[in-house]
Amino acid sequence: MTMRNQLGWISRLGGGVSVVAIALGTWLTPVWAGDPFRSENPRDISDTTEQAFEAFFRVGDYPLAAQRVDFALSEANVDPILYAMQASLLYLEDPDNLPSEFQDYASLTLERAEALVADDPLRGNLYLAVGHFFEGAYVLKTEGVVRGVPTALSKLQQVFRHLDRAAEVNPEDPELNIIKGYMDLMLAANLPFSNPERPIERLQDYAAPEYLAKRGLAVGFRDLDRFDEAMAAVNRSLELTPENPEVMYLKAQIYVDRGDRASSLPWFDRALAMQAQLPAELVRQIQRERDQAQRRVDAEQASSR
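Quick note on my numbering: the sequence shown kicks off at 202 and runs consecutively.
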């Protein structure tokens, strides 16, 4: 799997990260109300950062997420996840024409993560990994694959180095396992001779919040052609986030991939009905896939007459 494909996946997860990156529902009762990952040993993540995170990942409302990220960035002590979300928003606007601001936010993610390492080595190293990942992806996008590969591979080595350092602190941390679980499962689903069971276990047993863990499992199971498990995971994610258009879109894709295109159409339509929440490029992609599915349905119906 190329780093280019990895970025496309993480930035919409993000994931991984953004991977990053990520219900803030009744189950969440930490001392620090802003931590969307942990009910035990929560970190001091501000309420405004939590609100931006919720708009991005739980609600799937990107204009609202952009507003909340901008507001949270005005705080004195900015969490590195905010810069990662800002970079992801820029990527989603136009993946093939990244502005220089994308690199700026990748660098700021690294800067804030480095400052966090002394007090919180797990989250500091986690977002150092995210920042290096974004920098490598920016090089590939702006310099091309041939010129950019050496730098991108170097950055990818740093990504895994920092993820390993984060895991040394607590391999069962929910935030780490959301990001690393997404990454590892996506690699396992796309690389030959890879074993997906460990990242599946990571997402099932250790990652939080649940709605993102189930979404990651749905993507992974879909790519592994394990469609019953993919459908079960996406249905659970929809139970937890019933108004998220990206999860509706994911359910449509699972129907298509298992050959039931007729059942996919209502889910494409539900996602498109909420297009005001989504980036324009993503809306165009959903519409293209919906049109392709409709053409196949029409052809199958015509041939059966």
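Beta carbons: idealized from backbone N, C-alpha and C, even for Gly.
query: When you compare the CB positions of LEU290 and VAL270, do they come within less than 9 Å of one another, or not?; result: yes
query: Taking a contact to mean a Cβ-Cβ separation below 9 Å, would you say GLY332 touches PRO300 in this structure?; result: no
query: Just to confirm, is the Cβ distance from VAL446 to ALA472 under 9 Å?; result: Correcting the residue type first, residue 446 is Pro in the shown sequence and not Val. In this structure, ALA472 lies closer than 9 Å to PRO446 by Cβ.
query: Is it the case that the Cβ atoms of PHE258 and LEU377 are separated by a distance below 9 Å?; result: no
query: So what's ALA234 in DSSP terms, helix, strand or just coil?; result: Note that ALA234 scores 39 on pLDDT, short of 50, meaning its location in the model is unreliable; the coordinates nonetheless yield the value given after this. It is coil, neither helix nor strand.
query: Can you list, in chain order, the residues of its chain with a C-beta nearer than 6 Å to that of GLY325? Leave out the 5 residues immediately preceding and following it.; result: ALA314, LEU317, VAL318
query: Considering only the beta carbon of each residue, do ALA431 and GLY417 sit closer than 9 Å?; result: no
query: If you follow the alpha helix (DSSP H) that ALA477 is part of, which residue opens it and which one closes it?; result: No alpha helix (DSSP H) contains ALA477, which DSSP labels as neither H nor E.
query: When the distance is taken between beta carbons, is SER395 closer than 9 Å to LEU404?; result: no
query: Hey, PRO400 and ASP385 are a contact pair by Cβ (cut 8 Å); roughly how many whole angstroms apart?; result: 4 Å
query: Between the alpha carbons of LYS342 and PHE334, how many angstroms are there, rounded?; result: 12 Å
query: Determine the DSSP secondary structure at LEU451, reduced to helix, strand or coil.; result: helix
query: Measure from the alpha carbon of LEU441 to the alpha carbon of each residue in ALA253, THR249, GLY261, THR250, then state which is nearest.; result: GLY261
query: Below 8 Å on the Cβ atoms is my contact criterion, and I expect ALA353 with VAL340 to pass it. Report the Cβ-Cβ distance as a whole number of Å.; result: 6 Å
query: Taking buried to mean at least 16 other C-beta atoms within 10 Å of its own C-beta, is ASP295 buried or exposed?; result: exposed
query: Under the three-state reduction of DSSP, which class applies to VAL350: helix, strand or coil?; result: helix
query: Taking the alpha-carbon of ASN436 as reference, which of ILE379, TYR450, GLN359, ASP297 has the nearest alpha-carbon?; result: TYR450
query: Could you spell out the range, first to last residue, of the alpha helix (DSSP H) harbouring ARG520?; result: Absent from the structure is residue 520, since the part of the chain shown begins at 202 and ends at 506.
query: Please report the Cβ distance between ALA273 and LEU265, rounded to the nearest whole angstrom; I am assuming they are in contact, meaning their Cβ atoms lie under 8 Å.; result: Between LEU265 and ALA273 the Cβ distance is about 12 Å, and since that is not below 8 Å, they are no contact.
query: Taking the C-alpha atoms as reference points, what is the distance between VAL232 and GLU501?; result: Note that VAL232 scores 29 on pLDDT, short of 50, meaning its location in the model is unreliable; the coordinates nonetheless yield the value given after this. VAL232 and GLU501: Cα-Cα distance of roughly 56 Å.
query: Cα separation between SER438 and ALA474?; result: 19 Å
query: If the criterion is Cβ atoms closer than 9 Å, does the pair PHE361 and ALA408 meet it?; result: no
query: Helix or strand or just coil, what does DSSP make of ALA307?; result: helix
query: Out of curiosity, what's the CA-to-CA distance linking GLY460 and ASN391?; result: 20 Å
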